[in-house]
Amino acid sequence: MKNKHYQDIPGCPVEVTLDLIDGRWKGVILHQLLANDFLRFNELQRRLPGISQRLLTKQLRDLEGAGLVLRTVYAEVPPRVEYRLSAEGQSLQPVIEALSAWGHGRISRQQRPGTVEPSQATAPVL
3 MKNKHYQDIP GCPVEVTLDL IDGRWKGVIL HQLLANDFLR FNELQRRLPG ISQRLLTKQL
63 RDLEGAGLVL RTVYAEVPPR VEYRLSAEGQ SLQPVIEALS AWGHGRISRQ QRPGTVEPSQ
123 ATAPVL
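Numbering (my numbering), first residue to last: 3 to 128.
Shown next, in the form of structure tokens:
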């Protein structure tokens with residue numbers, strides 16, 4: 003993830019937020035870390051079926067670089083590494099919860115028979 007200095011860029015605060023959590027797995031990683039005090043790498047990977055070890059490592063590094071995730075390495079054999087949200091990452095809780103609620107609603111709307119999406123509706127003929 004590139005370090006961006008948003009104060010130099012006129013723009014939308016939504017863009018700033020989405021830039022930080024953009025990526026196929028970042029939102030889900032944040033959601034898992036919000037639901038748990040901390041997770042070890044393998045625990046996190048088990049909770050995210052389909053993510054490769056390489057991609058999980060990259061996404062965690064990006065989130066760590068953005069100051070959203072803290073990585074703690076314990077001097078043990080075998081090595082133990084835990085991931086938890088920083089205070090900045092925890093401040094995303096209402097955002098992640100809102101995304102989750104919207105997603106649940108979207109799934110529910112799509113599962114209702116006879117529901118027509120606005121893009122599928124036709125305009126009345128005058």
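C-beta: ideal position from N, C-alpha, C; glycine also. The structure displayed is predicted, hence computed values, not measured ones.
For the beta strand (DSSP E) that residue i lies in, which residues bound it at each end?
i	result
E84	82 to 87
Give the DSSP-derived three-state secondary structure of residue i in the structure shown.
i	result
R114	coil
L58	helix
V16	helix
V79	coil
A103	helix
L22	helix
G91	helix
I53	coil
For residue i and residue j, I'd like the C-alpha separation in whole angstroms.
i	j	result
D39	L87	8 Å
G52	Q61	14 Å
V30	V16	18 Å
Q113	S54	30 Å
I76	S93	Here residue 76 turns out to be Tyr, not Ile, going by the sequence shown. So the alpha carbons of these two residues sit roughly 26 Å apart.
T74	H106	33 Å
R111	V79	50 Å
Note the first and the last residue of the continuous alpha helix (DSSP H) segment covering residue i.
i	result
P73	Sequence inspection shows Arg at residue 73; the Pro mentioned does not correspond to that position. Note, R73: premise wrong, no alpha helix (DSSP H); beta strand (DSSP E) at 71 to 76.
R49	43 to 49
L36	28 to 37
I'd like to check one pair, residue j with residue i: are the Cβ atoms closer than 8 Å?
i	j	result
Q34	R56	no
L58	I98	no
* Within the chosen definition, does the stretch 81 to 91 reach the stretch 38 to 51 through at least 3 CB pairs nearer than 8 Å? -> yes
* Stretch-stretch touch, CB-based, cutoff 8 Å, three pairs: the stretch 63 to 71 with the stretch 15 to 31 -> yes
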